[in-house]
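In my numbering, the protein residues as written are -18 to 85.
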Amino acid sequence: NLPAKGRVTMIDLGAKKCIPCKMIAPIIARLEAAYKGSADIVFIDVWENREPVQRFKISAIPTQIFFNEQGKEVYRHVGFLDETSIIEQMTKMGVPKPDLKGKG
């Protein structure tokens, strides 16, 4: 059930076949592992699963939505988002910076 209550959640809504989505995919995978236990990073393919398009009011992909612990949207970005920007946003929301040494 997304976003997860009680923890910061970032949802990346995109498609496995869209070019900017392919560029962000390895970043999402890396951060999903790095934040495991402290925050949730989730990818949803909106070409395979249309329901989130209406639910999250998506007009273009990729779109990243950041939710606080209460499940309230606090930040939204449309387009490619680099790893540093994702980490900065998570840090602003009180999630400790992950240890990325030796990952990826």
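Heads up, the beta-carbon is just placed ideally off N, CA and C, and yes, glycines get one too.
Q) Looking at Leu(-6) and Phe37, is the spacing between their C-beta atoms short of 8 Å? A) Residue numbering aside, residue 37 sits at position 56 when the sequence shown is read from its first letter. Residue numbering aside, residue -6 sits at position 13 when the sequence shown is read from its first letter. Yes, these two residues count as a Cβ contact at 8 Å.
Q) Just curious, the alpha helix (DSSP H) that Glu29 is in, first and last residue? A) Here residue 29 refers to the residue found at position 48 when the sequence shown is read from its first residue. Premise fails: Glu29 is in no alpha helix (DSSP H) and is neither H nor E.
Q) Fully enclosed by the region -5 to 60, which beta strand (DSSP E) runs are 3 residues long or longer? A) 21 to 26, 44 to 48 and 54 to 59
Q: Determine the contact status of Ile46 and Ile8, defining contact as a CB-CB distance below 8 Å.
A: Here residue 46 is taken as the residue at index 65 of the sequence shown, counted from 1. Here residue 8 is taken as the residue at index 27 of the sequence shown, counted from 1. No. Outside cutoff.
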